[in-house]
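Below is one structure, written out as structure tokens; the observations come after it.
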Amino acid sequence: MKLLLVKTSSLGDVLHTLPAVTDLSLAHPDWELHWLLEPAYAPIAALHPFVRRVWPFSLRDLKRHWWRAPQAIQALRRELRRQGYAGVLDSQGLVKSALLARLPGVPVFGLDRHSAREPLACRAYHRTATVSWDLPATERNRYLFADLLGYAKPQGRPEARLRVPPASRERALVEACRPFVWGFHGSARANKLWPQEHWAALAGSLASRGLNLLMPAGNVAERDRVTALSHRCANVRLLPALAVADILALLPLGRAFVGVDTGFSYLASAVDLRGVTLYGPTADEQSPYAPRQLVLHSPRSCAPSCSRLRCALPAPYAACMSAIAPESVLAALTPLLED
Numbered sequence: 003m004k005l006l007l008v009k010t011s012s013l014g015d016v017l018h019t020l021p022a023v024t025d026l027s028l029a030h031p032d033w034e035l036h037w038l039l040e041p042a043y044a045p046i047a048a049l050h051p052f053v054r055r056v057w058p059f060s061l062r063d064l065k066r067h068w069w070r071a072p073q074a075i076q077a078l079r080r081e082l083r084r085q086g087y088a089g090v091l092d093s094q095g096l097v098k099s100a101l102l103a104r105l106p107g108v109p110v111f112g113l114d115r116h117s118a119r120e121p122l123a124c125r126a127y128h129r130t131a132t133v134s135w136d137l138p139a140t141e142r143n144r145y146l147f148a149d150l151l152g153y154a155k156p157q158g159r160p161e162a163r164l165r166v167p168p169a170s171r172e173r174a175l176v177e178a179c180r181p182f183v184w185g186f187h188g189s190a191r192a193n194k195l196w197p198q199e200h201w202a203a204l205a206g207s208l209a210s211r212g213l214n215l216l217m218p219a220g221n222v223a224e225r226d227r228v229t230a231l232s233h234r235c236a237n238v239r240l241l242p243a244l245a246v247a248d249i250l251a252l253l254p255l256g257r258a259f260v261g262v263d264t265g266f267s268y269l270a271s272a273v274d275l276r277g278v279t280l281y282g283p284t285a286d287e288q289s290p291y292a293p294r295q296l297v298l299h300s301p302r303s304c305a306p307s308c309s310r311l312r313c314a315l316p317a318p319y320a321a322c323m324s325a326i327a328p329e330s331v332l333a334a335l336t337p338l339l340e341d
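Our numbering numbers the first residue of the sequence shown as 3 and each following residue consecutively.
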């Protein structure tokens with residue numbers, strides 16, 4: 003059977019889908035799986051041994067260049083219809099993903115109206131499944147795949163089974179920083195950021211143990227934060243913007259990581275890197291699934307119920323993230339460094 007998977011973005015969503023792909027490969031090893039997703043994440047999907055082909059397609063670009071949309075969608079439709087798919091699984095549950103799932107002209111499977119993020123998307127599906135919102139994101143995907151694709155719901159530990167890519171072109175730069183701990187500080191949501199003072203305190207504690215703190219910077223704001231921090235802490239190192247596949251190749255060089263609720267923290271779990279993820283305004287339903295990773299929650303009573311992009315309380319950083327003390331992070335991280 004030839005199946006198309008539609009899960010276009012984001013990095014976290016793609017990574018949380020990988021264990022379900024692993025389950026499918028074990029249940030139906032003779033099937034052929036293709037994956038339609040945003041070009042930025044296609045290299046990650048292609049690293050799973052069961053994904054035969056990836057279809058990079060950017061809806062984000064089409065929003066900026068809307069006049070190209072009709073021609074691009076028609077071209078994609080023609081290519082997909084030539085593949086002879088038996089079905090399409092839309093595991094994203096959005097109207098935009100449902101519309102893409104209909105392009106091959108074959109039956110489409112997805113979440114029902116009680117389980118999808120956008121219930122209207124369900125009108126595009128021929129068969130649906132109910133998946134509880136109480137489950138972590140990884141388990142929701144695993145249950146959805148099992149229910150719709152005809153195998154028993156998985157019980158074991160989720161496994162991404164990514165093939166780590168060849169060495170990145172920045173390997174020499176990263177090697178020079180060893181030994182180090184990764185610091186995944188960036189997020190598109192301001193209320194997920196951990197205060198600079200806390201990062202500085204953590205860097206100081208790592209320095210006393212002879213460890214550097216290596217912090218990737220994907221944009222100007224992140225680069226400025228790391229640069230300012232490096233002026234205060236001699237052991238803070240800046241890693242310039244890299245492709246996601248390059249970061250994946252470099253992750254095993256670190257001793258561990260500390261990260262906010264962001265895609266890089268999920269990426270670290272995919273290669274089983276030990277570490278600590280910090281949750282303030284968001285719930286840990288997106289939490290990493292590797293056994294050597296710990297989750298720290300904000301002690302504030304308002305967490306994790308905040309749905310705003312910025313904290314309503316007047317402060318440079320969200321109160322819930324500020325409440326996660328560096329001492330608590332170091333206490334959680336220390337056993338992982340000694341293991």
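Even for Gly, the Cβ is constructed at its ideal location relative to N, Cα and C. If you're wondering where the values come from, they're calculated on a predicted model, not measured in any experiment.
For this session: Determine the closest residue to Asp-63 out of His-128, Ala-205 and Ala-42, with distance taken between C-alpha atoms.
Result: When each option's Cα is compared against that of Asp-63, the closest is Ala-42.
Exercise. Which residues does DSSP pair with Gln-295 in a beta bridge?
Worked result: Answer by DSSP bridge pairing, in chain order: Gly-277.
Exercise. Apart from the five residues on each side of it in sequence, which residues of its chain come closer than 8 Å, Cβ to Cβ, to Trp-68?
Worked result: Nothing listed; no residue qualifies.
Exercise. With a cut-off of 8 Å, do at least 3 Cβ pairs link the segment 159 to 177 to the segment 11 to 24?
Worked result: Between the segment 159 to 177 and the segment 11 to 24 there are three or more inter-stretch CB-CB distances shorter than 8 Å, so the stretches are counted as touching.
Exercise. Shortest alpha-carbon distance to Ser-12 belongs to which of Glu-329, Ile-46 and Val-176?
Worked result: Of the candidates Glu-329, Ile-46 and Val-176, the residue whose Cα lies closest to the Cα of Ser-12 is Ile-46.
For this session: Please determine, among Arg-276, Ala-325 and Ala-320, the residue with the shortest C-alpha to C-alpha distance to His-299.
Result: Comparing Cα-Cα distances from His-299 to each of Arg-276, Ala-325 and Ala-320, the minimum goes to Ala-325.
For this session: From the DSSP output, in three-state form, read off Pro-218 for me.
Result: Annotated three-state conformation of Pro-218 is strand, per DSSP.
Exercise. From the DSSP output, which residues share a beta bridge with Arg-129?
Worked result: Note: Arg-129 sits in a beta bridge opposite Phe-111.
For this session: Give me the Cα-Cα distance between Thr-140 and Val-97, rounded to the nearest whole angstrom.
Result: Each residue's Cα considered, the two are about 21 Å apart.
For this session: Compute the Euclidean distance between the alpha carbons of Glu-34 and Phe-147, then round it to the nearest angstrom.
Result: One alpha carbon belongs to Glu-34, the other to Phe-147, and they sit about 14 Å apart.
For this session: Pair every Cβ in the segment 202 to 215 with every Cβ in the segment 178 to 187, then say whether three or more of these pairs are closer than 8 Å.
Result: At 8 Å Cβ cutoff, the stretches touch.
For this session: Compute the Euclidean distance between the alpha carbons of Asp-226 and Glu-40, then round it to the nearest angstrom.
Result: Cα to Cα, the separation comes out at about 27 Å.
For this session: Give the straight-line distance between the Cα atoms of Pro-167 and Ala-247, rounded to the nearest whole angstrom.
Result: For the pair Pro-167 and Ala-247, the Cα-to-Cα distance works out to about 7 Å.
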